[in-house]
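Engineer: If you use numbering that gives the first Met the number 0, the sequence shown corresponds to residues 0 to 83, in order. We treat Cβ as the ideally placed atom computed from N, Cα and C, and that holds for glycine. If you scroll down you'll find the structure; I have some questions about it.
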Amino acid sequence: MVCVKLSETVMSVVNDQLVTNVDTVERLVSEMTPAELVEFRRWFAQFDAAAWDREIEADAAAGRLDELAERALAAHAAGHTTKL
């Protein structure tokens, strides 16, 4: 098996065919038992939430959310918000 990095996606050549990691994951998930699928969904939900948290934290640290926060605070100060 030969591995090459192409467009930030790891690809493998297997039996003269290019196979991405996504192809491999899709195949493995489709072969899971119902119990394995339940466990995978639980794990992936946690994994995805953590990735989202890291992305939001990075955006906040880089100031990419500042304008949005300022607009929200201005809307609130102008009385354009409602209590939850």
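Between which residues of its own chain and Asp58 is the CB-CB distance below 7 Å, once the five residues before and five after are set aside?
Structural biologist: Counting only Cβ-Cβ distances below 7 Å, and skipping sequence neighbours, we find Leu64.
Engineer: Is the beta carbon of Phe39 closer than 8 Å to that of Val28?
Structural biologist: In this structure, Phe39 lies closer than 8 Å to Val28 by Cβ.
Engineer: Tell me the rounded alpha-carbon separation between Val24 and Glu66.
Structural biologist: C-alpha separation (whole angstroms): 38 Å.
Engineer: Where does Thr81 fall in DSSP's three states?
Structural biologist: Coil, per DSSP.
Engineer: Pull up the distance between the alpha-carbon of Glu56 and that of Asn20, whole angstroms please.
Structural biologist: Going by the C-alpha atoms only, they are around 27 Å apart.
Engineer: Please report the straight-line C-alpha distance between Phe43 and Ala68, rounded to a whole angstrom.
Structural biologist: Distance between the alpha carbons of Phe43 and Ala68: 30 Å.
Engineer: Considering only DSSP beta bridges, list what Val21 is partnered with.
Structural biologist: DSSP, once it has assigned bridges, lists no residue as partnering Val21.
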